[in-house]
Each structure stands twice: as C-alpha cells, then as structure tokens.
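Q:
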Amino acid sequence: MSESIQYQGSDLDRCDLDHLWHPFTQMKEWEHFPRLCIAEARGNHLIDTQGNAYLDGVSSLWANIHGHGREEINSAIRDQLDRMAHSTLLGLSHPSAVLLAERLCRVAPSGLTRAFYSESGSTAVEIALKIAYQYWKNSGAGPEAKNTFLRLKEGYHGDTLGAVSVGGIDLFHSIYRPMLFPTIAAPSPHCYRCEQGLSPESCGMECAQRVEDILKERHEEIAAMVMEPCVQGAAGILVAPEGYLRRVRESCRKYDVLFIADEVATGFGRTGSLFACQREGVTPDLLTLGKGITGGYLPLAATLATESVFKAFYGDYEELKTFFHGHTYTGNPLSCSAALASLSLFEQDRVIETLPPKIDELSRHLARLADHPHVGQVRQCGLMVGIELVEDKASKAPFPAPVRLGHKVALGCRDHGVIIRNLGDVLVLMPPLSIRAEEITTLFNAVEASLEENLRKIP
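Heads up: take any position in the sequence shown, counting from 1, add 3, and you land on the working numbering.
1. G236 to A268, Cα distance in whole Å?
2. Would you call S202 buried or exposed, if buried means 16 or more other Cβ atoms sit within 10 Å of its Cβ?
3. Please report the distance separating the alpha-carbon of V152 from that of C233.
4. Taking DSSP as the reference, what is the three-state secondary structure of D395?
5. Which ranges would you report for the beta strand (DSSP E) in the stretch 198–266 if only whole runs of at least 3 residues count?
6. Pairing CB atoms from the stretch 182–189 with CB atoms from the stretch 156–168, are three or more of them under 8 Å?
7. Is the Cβ-Cβ distance between V128 and D265 less than 9 Å?
8. With DSSP collapsed to three states, give me the class of E43.
9. Relative to the C-alpha of F313, which candidate in A79, S62, L20 and I134 has its C-alpha closest?
10. Relative to the C-alpha of L277, which candidate in I296, A449 and F262 has its C-alpha closest?
11. Taking the DSSP output, what are the residues bridged to S121?
12. Short check: CB of L290 to CB of T306, under 9 Å?
13. With DSSP as the reference, label F447 as helix, strand or coil.
14. So A56 is in the beta strand (DSSP E); what residue range does that whole segment cover?
15. Using DSSP bridges, identify the partner residues of H48.
16. Determine the contact status of G1 and N55, defining contact as a CB-CB distance below 9 Å.
17. Going by CA-CA distance only, name the one from E442, A226 and E75 that's closest to N150.
18. Just curious, the alpha helix (DSSP H) that I187 is in, first and last residue?
19. Starting from G379, trace the alpha helix (DSSP H) in both directions and tell me its first and last residue.
20. Since T151 sits in a beta bridge, which residues does DSSP pair it with?
21. If you measure between the beta carbons of L436 and G272, is that distance less than 9 Å?
22. Look at A88 and L343 and say whether their C-beta atoms are less than 9 Å apart.
23. Closer than 6 Å by C-beta to H160: which residues in its own chain qualify, once you throw out the five before and the five after it? Chain order, please.
24. Run through DSSP, which three-state label would M182 get?
25. Which partner residues of I390 appear in the DSSP bridge assignment?
26. Specify, as a first and last residue, the run of the beta strand (DSSP E) that T291 falls within.
27. Just reading off the alpha helix (DSSP H) that G409 is part of, what are its end residues?
28. Quick one, which of E245, S191 and L386 has its alpha-carbon nearest M230's?
29. State the Cα-Cα distance for the pair M228 and T331, rounded to the nearest angstrom.
30. Give the straight-line distance between the Cα atoms of S7 and V431, rounded to the nearest whole angstrom.
31. Please check if any C-beta of chain C sits within less than 9 Å of the C-beta of A42.
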C-alpha cells in the first residue's frame, strides 16, 4: 500500500523509549512490546514506518468516521489554514465556529439550540457539569440544594477530575478518589453481569427503576444525571436494554433533574443513528460531543444545551450569571472547518443510510463467534462491538487476571493485519463507518485466528 518510509538521522524507536510517555500504558511493559510506529493512513488502513498496512479496527480510538485521508476534509483544513489558523472566541467570533454551531444544533436531537466548544470529550463533560451546577444557582437554588450528580457505576466520561468524579471504572479512577467531589451511583444496565442477580427477561428493567428510586429520594440535592446513552463504552461496550434511555430521561424530567447525555463515543453514527439519543427519541438538557465530531482529524468537542438552560445564564453583567469558562483554543477555526466538512460527508455519502447492511454483516460474524466456548457474550449496538472472553461459558467465570487473554488477542491481531484494542478481556471492535464488507471479514478473521493462537498458549 505504501513504500517504506525512512526517517533519516532519527532513531524513532530509541527516541520513543527515551522520551515519549504514552497514555494508558505501563511504560516498563512498553519496552518489551512489539511496538508499531504509524506514519501514514489511507482509507480504512494505518501504515507503519516499514510500509506495513493494518486495518484500523478501532477507528484510531473511536474517532475516525469516513476513513483516513479524505480529500474533502483535508481540503477544508487547508482552505481554512490559508485564511487563518486561530483566533479566540473570547470577545470575538469567526465564521467556521458560527456555521458549525448552527449545523450541530440542526442535526442534533430536537430542542438543543446552543453549542459551547472545547477540545476533548473530557472537557465537554466538565463544561456540562459546570453548566448544570451553575444553572441551578442562577435559577435560585440554595447553597445546600442541587450540589451533586447522579451517575452510573460503570460509567466513563473522561480523565479530568470532574469527569472522573462522575466515572466508575475502578482500574482508571480509584487511585484519584480522594481528589474527587462526591456523587451518587446507580447500577449500570449490565444485563450479562447484573449486580442484582436478575434476568433481563423478567426483571422489569430494575436498573432503571433504581434510578427513579434514587431520584425520588434525593432529587433536591441532585443537579443532573450523567450517562452514556445506549452504550457504556469503556465499561466493555455494555449495551443498555431498549427503552432504558427513554425511561431514565423521563424520570429526570419527572423529578426536575437535568439530564446530561455523554455522546463523545456514541455520537456521529456509531450506534446506527447520527446520535444515540435519537434511537429512543430523547432530547437531553445537555449533550456532550467529541471524538468523531471532526471525522477524527483534529481535536474538537462541543457541549450542546437547550434554550431553557442557556437562558438561565442570560442577564445583565452585574447579575453574575455569566458562564466563566473557556480555553485558548476553544472553537479553533481549523477544527471547526474539519467538522463542517465531516458533516457534509455524512450528507454526500449518505453515511447513515449505508450503515444497515454493514451492521447486519457485523451481526452475522458475531453470531458465529458467539458459539465459541470461550466467548461469554457478544454485544453490539450499530458499529460498536464488544466480545467478552471467559474461561467458563456456563458460569461466566473470567480468565485469571494474569492470563491477560484480551490483551494478547488484541496484540496478536496485528500479525493478521488488523489493529484493535481490548478493555480487559473484552475485545472492542469499532471500525470507521466507511468500512467495507470484505474488510469486516478481515477484521473477524483476524480476531478468530488470534484468539485460537493465544488460547493454545495458555498453560
């Protein structure tokens, strides 16, 4: 696919080991990894410095939408660069930020009318939390009222401290607990490993009822509930039962609690609709976006709000209702231009309309894989897939942690020309929406081959 790329005068691998600190990576272990250095990307493939091509089975961390190297997005960035690389939104405006705000509000769930920009999903969530908290203060809530947040136990909303406070992945978050503000946790809709020991066929969606019970009891102290709609991503692609999202949204409205939908991972077509909330006809009070907003090309995030939320911040300066928040690169013109081009590609390529056969193809392969004796459950929502590996299928017993089967299977896929990532012993498949049928076959062939190879290595 590409000739080998030589970087004269630079030992990239040595410089990497000596100077680069990788995210979510134990650096002692990194020294012994089969390290890849990605130098190019074309279509749905990543290409390393030796010219080897790999199917991007995880969309470059769930971000790439239309494939790499789309000229429409590249051209939009270049055109904007020729005009202006950056200008602040503090006290000024610029065309691409204005046009993108209007367009996001037009395609988002009905009723979201205002867009506040940032640079990452974590900051989009931080902004939503601060808006929700200040909304109630601006609306006259007393000092002891509306001071906390309701979250799901296995939620993930980013790595900054506010986002971690409403998260629940112990592996990532537990060490920071003393630094965090207190929150209220509700059980996740985890049907495979229900913490209440119930069956989804007969439980009456007890997890949603538990949310309502908490809201009924403590709504006067809860500013907002925050959750990932339809799919909890970092928890292992946990797919909520149909109707859960709508029921939780209605409970929040019933008890006058703001509802924050974190669509950083689920937005922009991942679940088969443009936004996961649209699958159940839900409009949140606040919607957070990131990852795929630019098609996966440049950092950008947005927090969308309803007009009623916005109006709580609207007043004379001396009322001090202003939302005092903003970063240097908030609404960067290059990123906004990329996002506009990506949204145009959704229309030009009829992306959402092309997804059903791809989703069906994924389902077909998953149905075959579900019969594997060490696959406990396959979970799918649109093009978001989680494959949970277990030692014993009948008891759902996991492999001993030191086996690290998911990690080894993910690494082994590289030998078959595919890059994926794992969340513990859950294999995550999240290809670009531009993936083709034959590439879906390649993806699953790699997973199956690596799984068998690594199972044979277990003592």
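Each residue gets a CB set at the ideal place from its N, CA and C atoms; glycine is no exception.
A: Considering the structure as presented:
1. Cα to Cα, G236 sits roughly 7 Å from A268.
2. So S202 counts as exposed.
3. The displayed chain sequence assigns Phe, not Val, to residue 152. Distance between the alpha carbons of F152 and C233: 19 Å.
4. When secondary structure is reduced to three states using DSSP, D395 falls in the strand class.
5. Entirely contained in the stretch 198–266, the beta strand (DSSP E) runs reaching 3 residues are, in chain order, 225–230 and 261–265.
6. With the cut-off at 8 Å, the stretch 182–189 and the stretch 156–168 touch.
7. Less than 9 Å divides the Cβ of V128 from the Cβ of D265.
8. DSSP places E43 in the strand class (E or B) of the three-state scheme.
9. Shortest Cα-Cα distance from F313 to any of A79, S62, L20 and I134 involves I134.
10. Nearest option by C-alpha distance: I296.
11. S121 pairs with A304.
12. Contact check for L290 against T306 passes: the beta carbons are separated by less than 9 Å.
13. Collapsing the DSSP output to three states places F447 in a helix.
14. Residue range A56 to D59 is occupied by the beta strand (DSSP E) that includes A56.
15. Residue pairing by DSSP places H48 opposite R45 and L58 in a beta bridge.
16. Here the chain comprises residues numbered 4 to 462, so residue 1 is not present and cannot be evaluated.
17. Of the candidates E442, A226 and E75, the residue whose Cα lies closest to the Cα of N150 is A226.
18. First-last for I187: I187 to A189, but that is the beta strand (DSSP E), not the alpha helix (DSSP H).
19. Segment V378 to C384 is the beta strand (DSSP E) holding G379; no alpha helix (DSSP H) there.
20. In the DSSP output, where bridge partners are listed per residue, T151 has I225.
21. The answer is yes: Cβ separation under 9 Å.
22. At the C-beta level, A88 and L343 stay beyond 9 Å of one another.
23. Here the set comprises V128, A166, V169, G170 and D265.
24. The answer is helix: DSSP assigns M182 an H, G or I state.
25. I390 pairs with V381 and L430.
26. T291 -> beta strand (DSSP E) spans L289 to L292.
27. It spans L408 to G415 - the alpha helix (DSSP H) in which G409 sits, taken as one unbroken run.
28. Cα-wise, what sits closest to M230 is S191.
29. Straight-line Cα distance between these residues: approximately 29 Å.
30. Confidence at S7 is low in this model, with a pLDDT of 49, below 50, so its placement is unreliable and the value that follows should be read with caution. Going by the C-alpha atoms only, they are around 29 Å apart.
31. Protein chain content of the structure displayed is limited to a single chain, and chain C is not contained in it.
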